[in-house]
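One structure is given below, encoded as structure tokens.
Chains as they are written, first to last, in full-length UniProt numbering: chain A, 1 to 348; chain F, 1 to 348; chain S, 1 to 348; chain E, 1 to 348.
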């Protein structure tokens, strides 16, 4: 079997990461790479780390160039996918790494992104838990549309969803502070993202409930809890190219013990190959998952503040974007879930 | 006037930073530098960045070598200062950059540090606010003993103390997540602190109420609030040599507006030369204060979660240690508060 | 087919990298991991990024634990392999990632390493060129012993060997300045390798002909040139975990043109899958090869100084150590050369 | 005495560094800051680390805004100063941190910069040695025009000039490989300078004699040697915001010993307060001089290659730009040479 693939936005960080991972996928053939301003150039000039596809020519991102593939990955700016998607023929699996199809609420979309809502697609987080105990994986089988979660929501949802699903966390007053590597801010040249600026320092941004990922995180928690969950989310920019460390804290329902908490998380992820609760005493580090599709977390119970603190690490470009996209593609196509995703974390 | 100074623990990061700053202090003469294992060596071999004192010889850390100076800085491991201090003659200003004399509660000390409490000294955070509106600065005048605050507590206390003092923050359920540069972990060679390990990644540590700085933070907040304040504190290690970014969030008392919050912080720090609330719309970055004694913060109000989020940056080795120590020394000796502390942040 | 493998020194950076890569090798089964001080511990506690082998128990490094495997990788300190190797049974492929068996000259060994020479094994650099035009690849087929080249020599030899082999470079006065990531200095805790020290700065070391890699580089160049080649080599430590950038310059034989130089390098590497000369106008970056087994270079001709300057990048732990070792293993066992080595560079 | 100063290009890295240092200069008052695109904004929004001048308003860079100051610093793009300078009144000390007035040869200027030569000004490297033994310092006294050297030339010239001046180095075949922090590439937003790109990796650029700093380095060496000196210069970009490590190697005149070399360098710099040869056995690190005006070097003799290798570190923005500019200003105005330059290196 050989599955033909097109990657739109191949010269950005998300698109480049899809290519990097697909280069090791045994069932996939990358047929077409597209971009906007760099159409006509050699891919090796724009994404020189992906040697395997270096001699491909970048094409323009149009319905025509994308048509005729089994799978189309869209790694485009927010709002750019709607027109393209409308022209995609039946039978094409379209995987949108952008935000356009993540939110259920058209109102939230309009409030945070300012444009018309393009609709809601199946959410590409296979390990997400519903109150009934089933996982989102089931909803991805045979789908032809996948909305890849945001990177912050991926880490945040994996961190606390088991507790909300099991009813051991209070739905009010969740606080999340997350640090992300700079690739999360994209490849567009901006002064505040220059290496001279980001290297050796940290800064917050979008503080105060304004970040676009807040409604996506609340949407997931609320679905898992079966009731509205309210989140204070603060993202910070860390001096590293990749990785997210999310520190997610929530109040524990009275009477629940630390062991009960651990049991809930173990039950949720014990059989997962990409999501892991560390043994007690070991803490996650973003470099454990650098370049890999794993999410690794540790859970602590602070009896003093009566909160649980779950720290969760992912690679924002892998489990947080391209890896999650490919994992979901594998599920949709009935392939083993880990094809193209066997790489371990790059450390040191 | 020339004030004679001895620095104990001169070859560690805190001691080296005291020397770096004192090299530009016009009223001070560094007469003696001491250390433990490196006694007898040339200081230039151990702290080569401080050219001015490169030819001094490191002496052993004993009561004898430290006696006879106007000011003695102690930058020693926790628990090492008690014996030395007992031997210090009257009239010597002793400034302890270690933790030994910070906590009021002997019980907390024993619980978190495991040894006998050495006593409580005036706390070297001049900008700290008491319920009556006076500042800690007053308590440092003419003192002969100063306990330099920890670096995390410095950032955390500066961030939220105005709100507790003014009664606009709820005392329950404060959540702080802070990122520190690696110098906060000291200069002792440990595998997990190797550059290969820390570079390019982030990790949490001491999660779950166990960190030694939690009681120090709660002590300060509670003093300012006039009632017990309870904190969930999570420190993380960031891939940078210096700097702390503290994200401190607390619930806002019902009815308080964002403008009222800003007014409270402005009132607290508007006349301070080292502590600043940024204009609206600008966020702090640790590199704004790299190498300088400034603390810079921004305040956001999240009406959605009904929390205020104050992000505060300091250089952990300057305002968080050596700079705070020298500022307090200046106050104790009746000197202008900014002598030796004129350096601006090193950026980029 | 399943090839059984043991990795000695599995908890160091070189050993950990062998494991990371073997986790994706389809024909290999890692049966045994050994170390010295950490025997008895769970591998996941020591190399947590390699999830696949996390539950293996580290054994002691002895002849007994290593015996009975098809392939044994030795990632041990210099001088530690001789005794182990003596006890290895016939038919075992032993691959030494240490320096012990690289040098032909027992005299040079003694001078630079201070111990008795353990003998010379086939040199694991498949792309190395001999004057006759054959490559070292031929000498690795069916061998039972492989000496993995040093990381600096790998980058240096790949950079200039084509020119020496083709007789277009002068053998005198080669100058190499190379920057290495900190993992090249190993995982032993040392103060000068702390992240606080290495982050944000560069430093030279071992300047003045003293570096142990100089005789290995000269040995290779001299073999390729068929006459003694003399090198001035200066290594520097760069603030990054991985990667080598070697800037290798040599005088060009009079009358040779830039195009002739390019033709020589193209002829040498045009058919190689892991060694590449970039198109004109593009420069190598260490992140192009981060985590991958590629070596990427560019060649410039400076008519002004009549020198060629070849800049070559590798990942010191992959092509410079573990990847080169696995590539050589594949050749020795008659497997496709790229098994386990399909990963592209991790960038950004 | 209070000297009025204007800084043109105050929002770039060089201009910002002039301000950072002048903030501690006791004899100077910064009256005017100018820029191009950001005129009208608050300086604190653009250079927030320099708290002292945060409330100044950026003005447009014109002859009018710059006129009426004792000293004008120009930190502008190449080619932008000529028109401004023409309008400066008599009696104003103009210090150009750009390249326009560094080269003696109008031909070289045209070849490397492509515009008309603006003329040659006294070269702001006080420690530069002439064959007669006098230093450039003498030529800066009472001058009204100063051309600040480039950052690479500063490190390169300080490294080898003593040897050329003393006749102990051969003038042919000098090879320099230098690593620079990213601030050397300026503050203009470019994709290849994003933190995601620069962090964690190294790359060369401008290889093959093309770099604009080559003629400036050769000009200096040739002046010191009294005969033409020819250089192969390769710059590389290192993952750090600041700092240059230059590795400069030259052939030693036959018969000269290592001790004779050390004596020559000691004689040249023994009395300098900003340029230092380290004691034997110690190597320079860029962080020794981070933020300070020092240049620190070590000299090695490689008898094997018959070359001396001098490794020299500076902060590219201090001794390499703004610090050198202020040091030269102090000399021109008859002030103590170290005013505003007392800061020691920021380390760790």
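Built from N, CA and C at the ideal position, the CB exists for glycine as well. Here the structure is a predicted model, which is why all the values come from computation and not from measurement.
Nearest CB-CB separation between residue 50 of chain S and chain A: below the 7 Å threshold. Taking 7 Å as the cut-off, the Cβ atoms of residue 200 of chain S and residue 241 of chain F count as close.
Against chain E, the CB of residue 10 of chain S has no partner CB under 7 Å away; the residue lies outside that interface. Counting along the chain, no beta strand (DSSP E) covers residue 213 of chain A; the unbroken alpha helix (DSSP H) around it starts and ends at 213 to 225. With contacts defined by Cβ atoms closer than 7 Å, residue 96 of chain S and residue 3 of chain S do not form a contacting pair. Residues 177, 178, 179, 180, 202, 203, 204 and 205 of the same chain have their beta carbon placed closer than 8 Å to that of residue 236 of chain A, with the five preceding and five following residues left out of the count. In the DSSP assignment, residue 73 of chain A falls within the unbroken beta strand (DSSP E) covering 71 to 74. Under a 10 Å Cβ-count criterion, residue 328 of chain A is classified as buried, with 16 or more other Cβ atoms of the shown protein chains found around its own Cβ. Between residue 63 of chain F and residue 92 of chain F, the CB-CB gap reaches or exceeds 7 Å. For the pair residue 268 of chain A and residue 140 of chain A, the CB atoms are not nearer than the 7 Å cut-off. In the three-state reduction of the DSSP assignment, residue 232 of chain F falls in the strand class.
When DSSP states are grouped into helix, strand and coil, residue 113 of chain F belongs to the helix group. Taking 7 Å as the cut-off between beta carbons, the residues of the segment 178 to 192 of chain F near chain S are 182, 183, 187, 189, 190 and 191, in sequence order. Within the segment 262 to 306 of chain F, no run of alpha helix (DSSP H) reaches 4 residues while sitting entirely inside it.
Excluding the 5 residues flanking it on each side, residue 245 of chain F has same chain C-beta neighbours closer than 6 Å at 179, 286 and 313, in chain order. For residue 179 of chain S, the enclosing beta strand (DSSP E) stretches over residues 174 to 180.
Identification of chain F residues near residue 13 of chain S by a Cβ-Cβ cut-off of 8 Å yields 196, ordered along the chain. Closest option to residue 182 of chain E, judged by alpha-carbon separation, among E:344, E:53, E:298 and E:317: E:317.
Taking a C-beta cut-off of 7 Å against chain A, the contacting residues of the segment 160 to 175 of chain F are 173 and 175, listed in chain order.
Annotation: residue 76 of chain S to residue 146 of chain F spans about 50 Å, alpha carbon to alpha carbon.
Look at residue 154 of chain A: its C-beta is not under 7 Å from any C-beta on chain S. Under a 10 Å Cβ-count criterion, residue 173 of chain A is classified as buried, with 16 or more other Cβ atoms of the shown protein chains found around its own Cβ. Across the structure, residue 185 of chain F and residue 35 of chain E are spaced so that their CA atoms are roughly 41 Å apart. Interface criterion met: the Cβ of residue 309 of chain F is under 7 Å from a Cβ in chain A. Chain-ordered, the chain S residues with CB closer than 9 Å to the CB of residue 20 of chain A read 343, 344, 345, 346 and 347. Under the three-state reduction of DSSP output, residue 33 of chain A falls in the strand class. The Cβ of residue 287 of chain S sits closer than 7 Å to at least one Cβ of chain E. The alpha-carbon separation between residue 122 of chain E and residue 325 of chain E amounts to approximately 12 Å. A Cβ-Cβ distance of about 6 Å is found for the pair residue 150 of chain A and residue 99 of chain A, placing them in contact under the 8 Å criterion. Within its own chain, the residues whose Cβ lies closer than 7 Å to the Cβ of residue 238 of chain E, once the five positions on either side in sequence are excluded, are 179, 180, 181 and 202, listed in chain order. Judged by DSSP in its simplified three-state form, residue 19 of chain A adopts helix. Rounded to whole angstroms, the Cβ separation of residue 40 of chain S and residue 346 of chain A is 27 Å, and the two are not in contact under 8 Å. Going by beta carbons, residue 33 of chain S and residue 58 of chain S fall inside the 7 Å limit. Using a 10 angstroms sphere on the CB of residue 219 of chain F, the tally of other CB atoms reaches 16 or more, which defines it as buried. Using beta-carbon distances, residue 199 of chain S counts as an interface residue toward chain F, with a partner under 7 Å. Using a Cβ distance threshold of 7 Å, residue 261 of chain S and residue 299 of chain S count as a contacting pair.
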